[in-house]
Amino acid sequence: MTIPSPQPSQPPQSSQSSQSSQLPQVAQTAQFDSFLTNLTYARRMVDAGKILEALSPRGVDTEDFYRAAWVQAIGALEHWVQEETLRRVTEEAVKASPDMPRRLREYPLPLHRMEAVQRGEVRLADAVVERIREDVAYRALQNPDAIAKMMALATDAKVWREAAKWVNRRFRHRTSFDEKSLRGKYVTLLRRRNQIAHEADLLDGDHTRRRPLTAAEAGDAIDWIEHIALALARALHGEPAGSTRAAGVPAQGGEAAAPQPPAQAGT
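Under numbering that gives the first Met the number 0, the sequence shown has 15 at position 16, and the numbering climbs by one with no breaks.
Printed below as a string of structure tokens:
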């Protein structure tokens, strides 16, 4: 049964289980639950920043809470992509189906592992999964191409193209993303994360002043990261965006109110 995903306007839930109960079944995995928990931490940092901002404490840059939340949210998505892909790879490898994703079917194994399989010391599926875990353990997912390449181990779908359809469906086509523009949206979110993490968020050419960041901007970024992750989860699952059980559509009749896109919606 598909259940509507969380509304962007809702406050963060205090418990991870209450969030996952609102999600489509395709995203109800331990890996996605962990992602939501990490987003909750990010939203709480934004809330803490707003509280401190109202108190105006001396010597505390409350915008650092918003910067930390932004970095946390991007990190949560990258970690989820890796863990969810590995979960799916494990399932596909065990099935050993001829319909498994092409990149997984063609994944190279070192000779010593092939010899171990031939000697019966390890199953082929286990050897493949172990090798992939080693290869991706420290792989940085610093751009949409890296995410697509990772997910190609678990699906032959063009994940960003399908995710764009799901984002538009999510907002009742009040947005008009295609693959290129959704990738661009994520690159924008990544670029600010990198400015925070690698450049101390300093203004170009200035070693003292930093780029301003508001609670609203950080909150919108977190919302967008959640929307993108949920759309990628649907693409990974292979559910067509034209399905009647789409995000925002109730499982049992009626019409769900279409959520408003976050302020940074763009196209």
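We treat Cβ as the ideally placed atom computed from N, Cα and C, and that holds for glycine.
Judged by DSSP in its simplified three-state form, LEU51 adopts helix. By the C-beta density criterion, ILE227 is buried, having at least 16 other C-beta atoms within 10 angstroms. Between LEU188 and ALA220, the C-beta spacing is below 8 Å. Counting only the Cα atoms, TRP79 lies some 13 Å from ALA230. The continuous alpha helix (DSSP H) containing VAL127 extends over residues 123 to 135. In the DSSP assignment, LEU76 forms no beta bridge with any residue.
Residue environment analysis places ALA139 among the exposed positions, since fewer than 16 neighbouring C-beta atoms fall within 10 angstroms of its C-beta.
The alpha-carbon of VAL128 is positioned some 8 Å away from that of LEU85. Within its own chain, the residues whose Cβ lies closer than 7 Å to the Cβ of PRO143, once the five positions on either side in sequence are excluded, are TRP159, ARG182, TYR185 and VAL186, listed in chain order. For GLU198, the enclosing alpha helix (DSSP H) has its first and last residue at 178 to 198. At the C-beta level, ALA126 and LEU108 come within 8 Å of one another. Look at LEU35 here: in three-state DSSP terms it is helix. Shown here for THR89: same chain residues with a beta carbon closer than 6 Å to its own, the five before and five after excluded, namely VAL128 in chain order. Between GLU225 and ASP134, the alpha-carbon positions lie close to 26 Å from each other. Between ALA196 and VAL70, the gap from beta carbon to beta carbon is short of 8 Å.
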